[in-house]
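Here is the structure we will look at, set down as structure tokens.
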Amino acid sequence: MHLAYPAVLSALLFCTGLYGVLARRNAILVLMSVELMLNAVNLNLVAFDVWLSRTAEDTLHSGQALTLFTIAIAAAEIGIGLAIVLAVHRNRGTADIDKLRDTAEGHGSVGGDEPDDDGTAPAAEKAEATA
Numbered sequence: 013m014h015l016a017y018p019a020v021l022s023a024l025l026f027c028t029g030l031y032g033v034l035a036r037r038n039a040i041l042v043l044m045s046v047e048l049m050l051n052a053v054n055l056n057l058v059a060f061d062v063w064l065s066r067t068a069e070d071t072l073h074s075g076q077a078l079t080l081f082t083i084a085i086a087a088a089e090i091g092i093g094l095a096i097v098l099a100v101h102r103n104r105g106t107a108d109i110d111k112l113r114d115t116a117e118g119h120g121s122v123g124g125d126e127p128d129d130d131g132t133a134p135a136a137e138k139a140e141a142t143a
């Protein structure tokens with residue numbers, strides 16, 4: 013099998029995961045997209061390891077060893093990430109990333125559009141921060 017087939021598949025998987033990270037609002041879907049990106053990297057590591065082992069006399073299989081290490085790191089990442097998402101969901105009641113960012117900045121449902129102590133409204137501060 014040519015190296016191009018797994019490389020193209022890996023690129024498509026990575027781009028799909030990148031789109032999921034950039035476009036999704038739900039934290040669990042973002043974690044799933046990160047896992048998709050890590051699996052694309054694993055596919056690339058194994059494909060290049062097989063391709064390089066054909067040309068080299070000594071087969072160290074370093075790509076497969078790195079893949080096992082990446083799988084272990086990904087398992088730990090998803091476990092900790094899901095624990096954090098569940099804890100935030102219990103406290104805030106949502107897993108929407110935009111709503112969590114707004115409440116962390118102090119622009120959430122608490123306070124609304126009432127002016128602060130200095131007389132400026134939070135909506136004006138938000139427009140100023142995005143400009």
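If you want our numbering, it's the 1-based position in the sequence shown plus 12. Every residue, glycine too, gets a C-beta built ideally from N, C-alpha and C. It should be emphasised that the depicted structure is a prediction, and the values quoted were computed from it without experimental measurement.
What separation, rounded to the nearest whole angstrom, lies between the Cα atoms of residue i and residue j?
i           : j           : result
residue 25  : residue 114 : 31 angstroms
residue 17  : residue 79  : 19 angstroms
residue 116 : residue 105 : 14 angstroms
residue 61  : residue 87  : 22 angstroms
residue 52  : residue 31  : 14 angstroms
residue 47  : residue 36  : 14 angstroms
residue 123 : residue 103 : Low confidence applies here, because residue 123 scores a pLDDT of 47, under 50, leaving its location unreliable; read the following figure in that light. One C-alpha to the other measures close to 18 angstroms.
residue 77  : residue 67  : 19 angstroms
residue 72  : residue 111 : 48 angstroms
Under 8 angstroms by Cβ, that's how I've got residue i and residue j pegged, so tell me the actual separation to the nearest angstrom.
i           : j           : result
residue 107 : residue 101 : 5 angstroms
residue 97  : residue 75  : That pair is no contact at about 31 angstroms.
Helix, strand or coil: which one does DSSP assign to residue i?
i           : result
residue 123 : With a pLDDT of only 47 at residue 123, under 50, the local geometry of the prediction cannot be trusted, and no value is derived from it.
Taking the Cβ atom as the reference point for each residue, do residue i and residue j lie within a distance shorter than 7 angstroms?
i          : j           : result
residue 63 : residue 15  : yes
residue 49 : residue 29  : yes
residue 93 : residue 43  : yes
residue 39 : residue 109 : yes
residue 54 : residue 82  : yes
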